[in-house]
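S.K.: Be aware that the sequence shown starts at 1, since it is given in the UniProt record's numbering, and climbs by one per residue. A virtual CB, placed ideally from N, CA and C, is assigned to each residue, including glycine. This is the structure I want to talk about, given as structure tokens.
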Amino acid sequence: MVKVTVDGIPVEVPAGSSALQACEAAGKEIPRFCFHERLSVAGNCRMCLVQVVRAPKPVASCGFPVGEGMQILTDTEVVRKARRAVMEFLLINHPLDCPICDQGGECDLQDQAFGYGADHSRYLENKRAVTDKYLGPLVKTVMTRCIQCTRCIRFATEVAGVPELGAVSRGENMEVTNYVEKALTSELSGNLIDICPVGALTSKPYAFTARPWELKRTDSIDVCDAVGTNIVMQARGASVLRIVPRTNDEVNEEWLADKGRFVVDGFRHRRLDRPWVRVHGKLQPASWQDVFVALAKRLKGVPGERIGAIAGDLCDAESMLALKDLMGALGSPNIDCRQDGADYDLSHRDFYTFNTGITGIEDADALLIVGAIPRQEAPVLNARIRKRFVTAGRGKFPIAMIGAPQADPTYAVEVLGDGPDALADLAAGRSPFLDVLKKAERPMIIVGHGALTRPDARAILKAAWDLAGQVGALDAQWHGFNVLHTAASRVAGLDMGFVPQKGGRDVAGMLNDGVEVLWLLGADEFPVDRIGNDTFVIYQGHHGDAGAARADVILPGALYAEKPGTYVNTEGRVQQSFRAVMPPGDAREDWRILRAFSEVVGHTLPYDTLEALRARLAQVNPVFARQGHPRFAPPQGISPDGGKVAIASTPFVPVIADYYQTSPICRASPTMETCSRTYVHPPAQAAE
């Protein structure tokens, strides 16, 4: 530790800290534009000038290392004059766009101009103008406002791993550009909007929609993947207008994937806002009472083994438990939360969670990815892998992958093969990467659903677990075995046992007339056309997607922004979200629908309030009572069940064909549809 004095306040900071960090430790707020805690130091803007005793002139505190006994002054006349001069230079060419700028109200330049700006300009010449750049359908550019802080360039290169932004020219003529006019190819491009300190980069779908002070903010959890990214829903009236990330260093730092950010316009399209009943082949609106009575009559006399339920990928834990309890009361063992047909060993939680933890990625020193494409399945988690790759230094964090990636993973990776044969070769010592894993102090293995949605999933899971034990990834200090999920509801469903009970059918078994009555709780991501023609389908959800099109009865539910809910992410972290807006029309919270119907059908569920339901959750599995990521030592002497199907040699198949079209909300979103057309299905162009 180094002892430093800031404005007479003694502080101790780690060796190598900057003067700005020392000032922050002393409680002094230092203005800055180019400095960002999660990016490299550029020292461009010079706004963070401070005075160091015995230094000949003010120094940029962001890049000035502290020394023992250093005395720093942050509020002298010299410092104030220097900052005013910097602000004057920044405002020379900055346009007077505040009334029409979407950054207004949350603009760093506005805030600092109040403290250090003048009430007039001495600059009489014409301001410069810069051509706007095309960065795709998500990020809007007004490059005349750019102050050349280079945050966007550093983020794209260092965090996103897509070095498509850069600068040309120098001085007043410098321009931030993407060189070739094309859309940014990053699933994290929306974060450029957050880190831009001015209005040069703003949200294109959100442009001219609302001002920040008009919005009500509600903490929530992103359900577009299984990372559990912490977000803030910003609503005005009955509509959520914007989603932004919420800082959580243990999960997402301060980043948010594009799908979770821009899917917001899908909240308002193709919504189910009233109950529907199919009469003579056509859906007709009905009241809740009529729907419940009709359902009760339809279920009367149907044996429990002929009733089934499937939970979707966006469900909260409360609604799944209510459906599980209802199916149990009806005598049905046919329940499943695995729309994709994934197979896990549920005898121990370690066999289906990301045991290292997301922050544990930064402690690993070797990584093997089996049947997963983190860049598409979990972009924020992929950014953490890249962070470890960059901070470790060249060659110090070797990464290998089994299963060819569809795109650049954003870090150097060695592809060992495209199927389970490569895993067998690795375990048998026929691959040099085995020695890399064995030499690593903290090796790490990630198994994805490209491997777990196959008939031989159990055997692959066991092989990966045994390999983890072989290379020393399962000891008392380090748990290096991880399963990367893609569905936000999956771990909660597995924790509560939303899987076929004794003698029950899974998703495949419930199709093709496997059951007489099928209850779909937001389930759309399975082959709906395989539902038997004689199967009576109840769809409970919030969007008119594939499941609703096949349904005989539609019960309008609430999406995740319209209800409080509990979600468990891929690492087993229990998190709760809150209601941002009310559901539209007659739509209701899912667990309340199930509770009301249980009373009509004569099997009243034993909870009337959300608190009572959450108490029931904790009763089913104590993990639901513990907020956060449980840390536990890896089990000793046990191994997953290898199943009855031997490992096949067929290659792994990616589980995501279109990153922007993975849920009913995404498919209802005009912005996601535009992204799909831009990135995944670009229109064919005639040869010139």
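1. Three-state secondary structure (DSSP) at residue 449?
2. Do you know whose CA, among 121, 251 and 334, lies nearest residue 503's CA?
3. Please report how far the alpha carbon of residue 357 lies from the alpha carbon of residue 656, in whole angstroms.
4. Alpha carbon to alpha carbon, what distance is there between residue 617 and residue 607?
5. According to the neighbour-count rule (16 or more other Cβ atoms, all chains shown, within 10 Å of its Cβ), is residue 533 buried or exposed?
6. Would you list the residues sitting across from residue 219 in a DSSP beta bridge?
7. Could you compute how far the alpha carbon of residue 293 sits from the alpha carbon of residue 599?
8. Using only the alpha-carbon positions, how far apart do residue 26 and residue 151 sit?
9. Between the stretch 250-266 and the stretch 399-408, do at least 3 Cβ pairs fall closer than 8 angstroms?
10. Can you confirm whether the stretch 636-649 touches the stretch 453-468 when touching is taken to mean that 3 or more C-beta pairs between the two stretches lie within less than 8 angstroms?
11. Less than 6 angstroms between C-beta atoms, sequence neighbours within five positions excluded: which residues of the same chain meet that for residue 250?
12. Just to confirm my understanding: we take residue 661, look at its own chain, exclude 5 residues before and 5 after, and list those with CB closer than 6 angstroms. What are they?
13. Based on the DSSP output, what are the partners of residue 73 in its beta bridges?
14. Just to confirm, are residue 78 and residue 112 a CB contact at a threshold of 8 angstroms?
15. Taking only three categories from DSSP, how would you classify residue 181?
16. Could you tell me if residue 412 is buried or exposed, where buried requires 16 or more neighbouring beta carbons within 10 angstroms of its beta carbon?
17. How would you call residue 578, buried or exposed, if buried means at least 16 neighbouring beta carbons within 10 angstroms?
18. By alpha-carbon positions, which one of 14, 320 and 659 ends up nearest to residue 592?
19. For residue 629 and residue 573, which I take to be in contact (beta-carbon distance under 8 angstroms), what is that distance rounded to the nearest angstrom?
20. Do you know whose CA, among 291, 474, 302 and 499, lies nearest residue 556's CA?
21. Our contact map puts residue 378 next to residue 225 with C-beta atoms below 8 angstroms; I'd like the distance itself, whole angstroms only.
22. Report all residues from its chain with a CB closer than 6 angstroms to the CB of residue 366; omit the five preceding and five following residues, and keep chain order.
23. Hey, residue 669 and residue 312 are a contact pair by Cβ (cut 8 angstroms); roughly how many whole angstroms apart?
24. Return the first residue and the last residue of the alpha helix (DSSP H) that residue 552 is part of.
25. Spell out the partners DSSP gives residue 143 in its beta bridges.
26. Is residue 492 closer than 8 angstroms to residue 568 when the C-beta atoms are compared?
27. DSSP on residue 560, reduced to helix/strand/coil?
28. Any contact between the stretch 149-163 and the stretch 21-41? By contact I mean 3 or more CB pairs, one from each, below 8 angstroms.
29. What's the C-alpha gap between residue 699 and residue 673?
30. Count the other CB atoms within 10 Å of the CB of residue 495; is the residue buried (16 or more) or exposed (fewer)?
31. Beta-carbon separation of residue 275 and residue 538 under 8 angstroms?
32. Measuring CA to CA, which of 65, 542, 28 and 450 is closest to residue 2?
33. Give me the Cβ distance between residue 310 and residue 339, rounded to the nearest whole Å; I'm assuming they're in contact under 8 angstroms.
34. Could you name each continuous alpha helix (DSSP H) segment of 4 residues or more that falls completely within the stretch 290-375, going from the start of the chain to the end?
35. Give a yes or no on whether the C-beta atoms belonging to residue 350 and residue 564 are separated by under 8 angstroms.
36. Residue 60 by DSSP, collapsed to three states: which one?
M.R.: By the coordinates alone:
1. In the displayed model, residue 449 falls within a helix according to three-state DSSP.
2. For residue 503, the nearest C-alpha among the options comes from 334.
3. Each residue's alpha carbon lies about 23 angstroms from the other.
4. Here the C-alpha atom of residue 607 lies approximately 11 angstroms from the C-alpha atom of residue 617.
5. Only exposed fits residue 533, as fewer than 16 other CB atoms lie within 10 angstroms of its CB.
6. Residue 219 pairs with 232.
7. A straight-line Cα-Cα distance of about 11 angstroms links residue 293 and residue 599.
8. Looking at the two C-alpha atoms, the distance is approximately 25 angstroms.
9. No, the stretch 250-266 does not touch the stretch 399-408.
10. In short, these stretches touch, since the Cβ pair count reaches three.
11. Contacts found: 359.
12. Counting only Cβ-Cβ distances below 6 angstroms, and skipping sequence neighbours, we find 667 and 676.
13. DSSP, once it has assigned bridges, lists 51 as partnering residue 73.
14. No, these two residues do not count as a Cβ contact at 8 angstroms.
15. It is coil, neither helix nor strand.
16. Residue 412 counts as exposed, since fewer than 16 other C-beta atoms from the protein chains shown sit within 10 angstroms of its C-beta.
17. Flag for residue 578 reads exposed.
18. Of the candidates 14, 320 and 659, the one whose C-alpha sits nearest the C-alpha of residue 592 is 320.
19. That pair is a contact at about 4 angstroms.
20. Relative to residue 556, the option among 291, 474, 302 and 499 whose CA is nearest is 291.
21. Sure, about 5 angstroms apart at Cβ, within 8 angstroms.
22. The residues are 398, 436, 437, 440 and 443.
23. By a beta-carbon distance limit of 8 angstroms, residue 669 does not contact residue 312. Their separation comes to about 17 angstroms.
24. For residue 552, there is no enclosing alpha helix (DSSP H), as DSSP marks it with neither H nor E.
25. Paired residues: none, contrary to the question.
26. The answer is yes: Cβ separation under 8 angstroms.
27. Helix, per DSSP.
28. A contact exists between the stretch 149-163 and the stretch 21-41.
29. As displayed, the chain neither begins before 1 nor continues past 688, which places residue 699 out of reach and without an answer.
30. Classification of residue 495: buried, given that the 10 Å Cβ count is 16 or more.
31. Taking 8 angstroms as the cut-off, the Cβ atoms of residue 275 and residue 538 do not count as close.
32. Of 65, 542, 28 and 450, the residue nearest in Cα terms is 65.
33. With 8 angstroms as the limit, residue 310 and residue 339 qualify as a contact, their Cβ atoms being about 6 angstroms apart.
34. Unbroken alpha helix (DSSP H) stretches of 4 residues or longer found wholly inside the stretch 290-375: 317-329, given in chain order.
35. Not a contact, by the Cβ cut-off of 8 angstroms.
36. If DSSP states are grouped into helix, strand and coil, residue 60 belongs with the strands.
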